[in-house]
Each structure stands twice: as C-alpha cells, then as structure tokens.
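Accompanying notes for the structure given below.
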Amino acid sequence: IAFCYSQTGQAEKAKALYEEILEEYPDNGIAYYSLNTINTFSNQAD
Numbered sequence: 216i217a218f219c220y221s222q223t224g225q226a227e228k229a230k231a232l233y234e235e236i237l238e239e240y241p242d243n244g245i246a247y248y249s250l251n252t253i254n255t256f257s258n259q260a261d
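Here the sequence shown is numbered in the working numbering, starting from 216 and rising by one per residue.
Here it is, written out as structure tokens:
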C-alpha cells in the first residue's frame, strides 16, 4: 500500500506507512530504501 501511495503522489501517507513498517521490522531494506528515497526527493523539492 505504501508503494501505491508513493506512486500516486501521496508521499506523506507512504512515509507514514514505511515508518510503521520499520518500527515493526527495523531490518526491512525495502522499507528503509523507500523511506530514504521519499525523504531525499522531499528535501530536493524544498
């Protein structure tokens, strides 16, 4: 679901879900990478 949010321009919803996933599964590389990507692009937009 987080991936779908990110693909439809709903970065804040995706970010919240990836953060929840990482709380439960801190070694989840896909969630970590995806969250990092969202944060990187969010910082570039500012």
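Just so it is clear, CB atoms sit at the ideal spot from N, CA and C, and this is done for glycine as well.
Assuming Ala-217 contacts Ala-229 under a Cβ cut-off of 8 Å, what Cβ separation, rounded to an integer in Å, is found between them?
5 Å
Suppose you measure from the CA of Ser-325 to the CA of Tyr-233; what does that come to, to the nearest Å? Nothing can be reported for residue 325, as the shown portion of the chain is limited to 216 through 261.
- Query: For Ile-236 versus Ala-246, is the C-beta distance shorter than 8 Å?
  - Reply: A contact, by the Cβ cut-off of 8 Å.
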